[in-house]
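For the sequence shown, the tail end lands on 805 under our numbering, and the numbers increase by one without skipping.
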Amino acid sequence: MLALILAGLQAKGEDRGDHFIANGQKVWTSYADKCDWMFCLLRTDFEAKKQMGISLVLFDMATPGVTPKPIKLISGSSPFCETFLDDVRVEKDQVVGEINQGWTIAKYLLTHEREMIGGFGLTDAGSDTLGQIAAKSVGVEEGRINNSLLRADVLKWEIDGAAFAMTAERVTDEVKSGHGVGATSAMLKYYGTELNKRRYELMMKIDGSDAMIWDGANSNGGWTPRTWLRTKGNSIEGGTSEVQLNIIAKNILGLG
Ligand SMILES: Cc1cc2nc3c(=O)[nH]c(=O)nc-3n(C[C@H](O)[C@H](O)[C@H](O)COP(=O)(O)OP(=O)(O)OC[C@H]3O[C@@H](n4cnc5c(N)ncnc54)[C@H](O)[C@@H]3O)c2cc1C
């Protein structure tokens, strides 16, 4: 399954009685060429305001008129597609929830997606910390990373990472005690993805010119630069950082 999610969407579902005819296109559909089914938002009421008049439908990727086309990314891998819908027949019993109320469901799905993507900001348990990676690369003197500028950057990241991990733990406890994650997912998404980008900027800095080696056994197949490039998408997928900041301002800080 995959998502097609955005409130300003142009994909249309034309009402034909017992079914809709869907037309439109969506870029960045992850793994669309490997999925069996898709969940898709269609505009089904053309008079309604932006986030109203949208329906969430499910359909088989083998339905005539559904064409996923893979996109090659700068990192060299290609897990994304642009998916085209040309006169795709979607029965009305494939609508999830009420017709024209799909945005409510999409918002709920997005809170989980954002929470999950925000998790990239947490340090992987079991792997080396940024400090250990830096220490191995530039050496240690009197127990300290042997480069004062790098040491300060790494320390700042480690402190911010620890604060983020504690915040994530607090949110997990709140969820366990029955609170919905709601707009807090925007906070986790924003901070977690920005942290992950900062982590890989630092990884590139630590490795210096070696970080630019793209291929070959010594560079582990260019793992660091490829992952660094991939992190750039973290603050776009699932809703951009700017959009998360708007949600935080409006729904958490009560501004505007
Ligand atoms: C790696 C990756 C994987 C993805 N996977 C999927 C997937 O599986 N399925 C899927 O459906 N989509 C997927 N997407 C698409 C992703 O959800 C959208 O790209 C994202 O939501 C941003 O929407 P947009 O591209 O339309 O940008 P736009 O909304 O056009 O934004 C363009 C720019 O304008 C800014 N902007 C927009 N609105 C505001 C505002 N109100 N205030 C301030 N700034 C604003 C944005 O921050 C951004 O900088 C993926 C994207 C990436 C990069």
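Yeah, the Cβ is synthetic: ideal placement off N, Cα and C, and Gly gets one too.
Identity of the residue in SER627, THR672, GLY573 and PHE713 nearest ARG592 by Cα
Counted from its first residue, the sequence shown places residue 592 at position 43. Nearest C-alpha to ARG592: GLY573.
key: Environment of THR653 [buried if 16+ CB atoms lie within 10 Å]   = The residue you call residue 653 lines up with position 104 of the sequence shown. THR653 is exposed by the Cβ-count criterion.
Quiz item: When the distance is taken between beta carbons, is GLY782 closer than 8 Å to ARG663?
Solution: Here residue 663 refers to the residue found at position 114 when the sequence shown is read from its first residue. Here residue 782 refers to the residue found at position 233 when the sequence shown is read from its first residue. No; because the gap between Cβ atoms is not below 8 Å, this pair is not in contact.
**Asked** What residues in its chain sit with their C-beta under 6 Å from that of ALA732, if we drop five residues either side in the sequence?
**Response** As a first step, residue 732 must be located in the sequence shown, where it is residue number 183. Excluding positions up to five away in sequence, the list reads ILE796, ASN800 and ILE801.
For the stretch 755-765 against the stretch 682-691, do three or more pairs of beta-carbon atoms, one drawn from each stretch, fall closer than 8 Å, so that the two count as touching? yes
- Less than 8 Å between the CB atoms is what I'm expecting for ALA714 and LEU671, so what's the real figure, rounded? By 1-based counting over the sequence shown, the position of residue 714 is 165. By 1-based counting over the sequence shown, the position of residue 671 is 122. Indeed they touch by this definition, with Cβ atoms about 6 Å apart.
Assumed close pair PHE633, THR616 - CB separation to whole angstroms, cut-off 8 Å | Numbered from its first residue, the sequence shown carries residue 633 at position 84. Numbered from its first residue, the sequence shown carries residue 616 at position 67. Sure, about 4 Å apart at Cβ, within 8 Å.
May I ask you to check if the CB of VAL792 is nearer than 7 Å to at least one heavy atom of ligand 1? Taking the sequence shown and counting its residues from 1, the one referred to as residue 792 is at position 243. Indeed, a heavy atom of ligand 1 lies less than 7 Å from the Cβ.
Cβ atoms of TYR740 and THR776: under 8 Å apart, would you say?
Locating residue 776 in the sequence shown gives position 227, where the first residue counts as 1. Locating residue 740 in the sequence shown gives position 191, where the first residue counts as 1. Against a cut-off of 8 Å, the Cβ pair of TYR740 and THR776 comes out as no contact.
Next on the checklist: Can you look up THR578 in the DSSP assignment and give me helix, strand or coil?
Outcome noted: On the sequence shown, position 29 is the one that residue 578 refers to. Three-state DSSP puts THR578 in a strand.
Quiz item: Rounded to a whole number of angstroms, what is the C-alpha to C-alpha distance between HIS728 and ASP722?
Solution: If you number the sequence shown from 1, residue 728 lands on position 179. If you number the sequence shown from 1, residue 722 lands on position 173. Going by the C-alpha atoms only, they are around 9 Å apart.
| task | Might you give, ordered along the chain, the residues of its own chain that have their beta carbon closer than 7 Å to the beta carbon of GLU563, omitting 5 neighbours on each side? | result | If you number the sequence shown from 1, residue 563 lands on position 14. Excluding positions up to five away in sequence, the list reads PHE569 and ILE570.
* Answer yes or no: do SER686 and THR742 have a C-beta to C-beta separation smaller than 8 Å? => Within the sequence shown, the letter at position 137 stands for residue 686. Within the sequence shown, the letter at position 193 stands for residue 742. No, the pair does not count as a contact, with Cβ atoms beyond the cut-off.
*asked:* By the three-class DSSP mapping on this structure, what secondary structure does LEU607 have?
replied: Position 58 of the sequence shown, counted from the first residue, corresponds to residue 607. In the structure shown, LEU607 sits in a strand (DSSP, three-state: E or B).
Find out if the Cβ-Cβ distance for the pair LYS529, THR780 is shorter than 8 Å.
As displayed, the chain neither begins before 550 nor continues past 805, which places residue 529 out of reach and without an answer.
Checklist entry - Which term fits TRP763, buried or exposed, when burial requires 16 or more other beta carbons within 10 angstroms of its beta carbon? => result Within the sequence shown, the letter at position 214 stands for residue 763. It counts as exposed.
* Asked: Can TRP586 be considered in contact with ligand 1, in the sense that its beta carbon sits closer than 7 Å to one or more heavy atoms?
  -> Position 37 of the sequence shown holds residue 586. No - ligand 1 has no heavy atom lying nearer than 7 Å to the Cβ of TRP586.
_Quick check: what's the CA-CA separation for ASP642 versus PRO628?_
If you number the sequence shown from 1, residue 642 lands on position 93. If you number the sequence shown from 1, residue 628 lands on position 79. One C-alpha to the other measures close to 30 Å.
Roughly how many angstroms lie between the CA atoms of ALA560 and GLU596, to the nearest whole one?
Taking the first residue of the sequence shown as 1, we reach residue 560 at position 11. Taking the first residue of the sequence shown as 1, we reach residue 596 at position 47. Between ALA560 and GLU596, the C-alpha separation is close to 14 Å.
Check: Is the closest heavy atom of ligand 1 to the C-beta of LYS618 under 7 Å?
Finding: Position 69 of the sequence shown, counted from the first residue, corresponds to residue 618. Checking every heavy atom of ligand 1 against the Cβ of LYS618, none is found closer than 7 Å.
- Hey, which unbroken runs of the alpha helix (DSSP H) at 4 residues or more fall wholly within the stretch 649-722? 651-667 and 679-687
Does the beta-carbon of SER579, which I'm using as the reference point, lie nearer than 7 Å to any heavy atom of ligand 1?
Against the sequence shown, residue 579 aligns to sequence position 30. Result yes, Cβ under 7 Å from ligand 1.
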